[in-house]
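Report on the following structure.
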Amino acid sequence: MSKENENCLLTVRVQPGASRTEIAGPMTDGSVKVRLKAAPVGGKANRELVTLLASVLRVPTSSVRIVRGLTSRRKSVTIEKVRRSKVEELLKGKLGRDD
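Positions in the sequence shown are counted from 1; adding 20 to them yields our numbering.
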């Protein structure tokens, strides 16, 4: 996770076609694993990822943008006008973790 200007850049590893949509947890490389119920067809998984992140981070979907990896499982996502500390806090809260 890094900060670009006033935006937060989040690296996400997605697993499309999962049994449910959820933030699965942190990966050893610093990215966040996300399971998506949607199949990676016609941009459905990407839309579901944006909707999930916007909901968890309490921002409008227009503030969440996939900037790299539209056709890859590894994606770079920008969350606009949100502090990195807020993103970390909300993601940890969603995972129920304190570390």
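Ideal Cβ positions, reconstructed from N, Cα and C, are used throughout, including at glycine.
Apart from sequence neighbours up to five positions away, the residues of its chain that approach valine 34 with a beta-carbon distance below 7 Å are Val54, Leu56, Ala65, Leu69, Arg93 and Lys95, ordered along the chain. Taking a contact as a CB-CB distance under 8 Å, the pair valine 97 and arginine 78 does not count as one, their CB atoms being some 15 Å apart. Residue pairing by DSSP places proline 46 opposite Val52 in a beta bridge. Boundaries of the alpha helix (DSSP H) around threonine 71: 64-77.
Here DSSP, grouped into helix, strand and coil, assigns arginine 40 to coil. For lysine 101, there is no enclosing beta strand (DSSP E), as DSSP marks it with neither H nor E. Residues of the same chain with their beta carbon placed closer than 6 Å to that of threonine 91 are lacking, with the five preceding and five following residues left out of the count. Val32 is the residue among Pro80, Arg40, Val32 and Ala59 whose C-alpha sits nearest the C-alpha of methionine 47. If you check the CB distance, isoleucine 43 and valine 76 come in under 8 Å. It is roughly 23 Å from the alpha-carbon of serine 82 to the alpha-carbon of arginine 40.
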